[in-house]
Amino acid sequence: MAPLFQALEVAFHSKVQDGSSIYRCQLDSHWTVGIIPQGGYALGTLVEASIQHQAASKFTHTDPIHVTAHFLRATNAGTGEVRIKLVKTGRTFTNLHAQLVQNGTVKITAHLVFGDLSPQPSAPIQRTLVPPSPYARRLPLHFHPSQVTPTEVRHAFTYGKSQTQWSVDQMIIARNELDSSMRTNSETVGSGGTEWGAWCELKTEGDKLRTSAIPFFADNFMNLPVLLPNSEPARIGAVQSWFPTITMSIEFKTRIPSSAEFSDRTVGLYSESRFLHDPHARHNSRVEVWTAPSCIGQGNVEEGWRDRQYCIAVADQMALMLPMDLNLKEGNRDGTKL
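Residues in the sequence shown are numbered from 705 upward in steps of one, following our numbering.
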């Protein structure tokens, strides 16, 4: 089984008359949910190809800023092509259109915005909310990675035991309980839904965080129906279900840190989901991807460690809840609509 950085590799193939570039990819059969490649991982191949496309171009916009993707059909483990076309370039941003194609069928279509995420310390006004500002968003996880141990990964995640590990934040999970103060009634203003959080780590020491891996992490969480208590009818069958991503948008806030004070294969994840609707238990999720000060079970708790963590990316997605049997059916039949 290839580590994630290898599973995300793409290779330039050719240019076509309309100016598009074509990259070859291989969706790994081990980075799947059921037998279908995890949606974020598949999207990561488009991001990787786009990064390489920009690096080879004359433009200075080499950092992905935003991606919006629509998952048109289930992808399949195996070969594919990423087709990239320039839409527009300007002083601040470059816009690209990318498609993942397998057997002549478009599986994922995406619009990407590239720019420059270089720090600007000489700017006369710093317009970034960071500690100690009382308005700064703080790390939503409760414990330092050195204080926690790995927890079980959902069995449908085939990459779970061999390539990744989680340590779920049980204090966040407790807020989903029926007797939690987070529950709502007729007098409640706002609130509702479920939350989830964890440290997530690539287990292979040579596997490092990279920008194209962010979609994988942003799609690596527990969906709303699974987090509901058994007393909620919407939870029935959730544990045995498949949650295909239909749309996903990601804003890349910063570059992945290169400093030794951050882990190079661990991230913090926090998700919240507020709405669940028929048909197909359609639900939303918002996921934050954070830096980590160390690997799980390693390092030391140092003063101020929490203030030094920052958000790398924020993702929003719409997903469905479908029978796992459909996952197996789609995974064995190319070009079938969801």
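Glycine included, every Cβ here is placed at the ideal spot set by N, Cα and C.
Range of the contiguous alpha helix (DSSP H) that encloses residue i
i     : result
M875  : Q874 to I877
M1028 : M1028 to G1035
L928  : L928 to L931
R1010 : W1009 to R1012
Alpha-carbon spacing of residue i relative to residue j, whole angstroms
i     : j     : result
V751  : T764  : 17 Å
M1025 : H734  : 22 Å
T888  : G910  : 46 Å
V810  : I788  : 13 Å
T1040 : Q869  : Residue placement at T1040 is flagged as unreliable, the pLDDT there being 41, under the threshold of 50; a coordinate-derived value is accordingly withheld.
P828  : S822  : 16 Å
S895  : L980  : 14 Å
S761  : H984  : 43 Å
T796  : N807  : 36 Å
N927  : M952  : 14 Å
T779  : P836  : 44 Å
E1006 : C999  : 14 Å
S945  : F716  : 37 Å
Q710  : D982  : 38 Å
T749  : V786  : 8 Å
V791  : G819  : 14 Å
P838  : L906  : 33 Å
K865  : Q721  : 45 Å
H757  : I812  : 18 Å
G794  : V817  : 11 Å
L913  : S890  : 45 Å
N988  : R939  : 15 Å
T949  : G1008 : 37 Å
V852  : M886  : 25 Å
Terminal residues of the beta strand (DSSP E) in which residue i lies
i     : result
G864  : Note, G864: premise wrong, no beta strand (DSSP E); alpha helix (DSSP H) at G864 to Q867.
M1022 : C1015 to A1023
R990  : R986 to W994
N799  : T798 to Q806
V817  : T809 to G819
Y974  : T970 to S977
I1045 : An answer regarding residue 1045 cannot be provided, because it is not within the stretch 705 to 1042 covered by the chain.
Residue environment, residue i, which counts as buried when at least 16 other CB atoms sit within 10 Å
i     : result
K719  : exposed
V893  : exposed
D1043 : Any question about residue 1043 goes unanswered here, given that the chain covers just 705 to 1042.
H846  : exposed
L747  : buried
L833  : exposed
E881  : exposed
V857  : buried
R842  : exposed
Y727  : buried
G972  : buried
S871  : buried
A814  : buried
V943  : exposed
E899  : buried
Interface flag, residue i vs chain B, CB-CB below 8 Å
i    : result
G744 : Considering every chain present, this structure includes no chain B. It has just one protein chain.
**Prompt:** Considering only residues of the segment 710 to 791, which uninterrupted beta strand (DSSP E) runs meet the minimum length of 3 residues and lie entirely inside it, listed in chain order?
**Reply:** 714 to 719, 725 to 731 and 767 to 775
**Message:** With three or more beta-carbon pairs closer than 8 Å as the criterion, would you say the segment 855 to 862 touches the segment 956 to 963?
**Reply:** no
**Item:** alpha helix (DSSP H) runs contained entirely in the segment 898 to 926, provided each spans 4 or more residues
**Value:** Listed in chain order, the complete alpha helix (DSSP H) runs (minimum 4 residues) inside the segment 898 to 926 are 918 to 922.
**Asked** Within the chosen definition, does the segment 926 to 946 reach the segment 1012 to 1022 through at least 3 CB pairs nearer than 8 Å?
**Response** no
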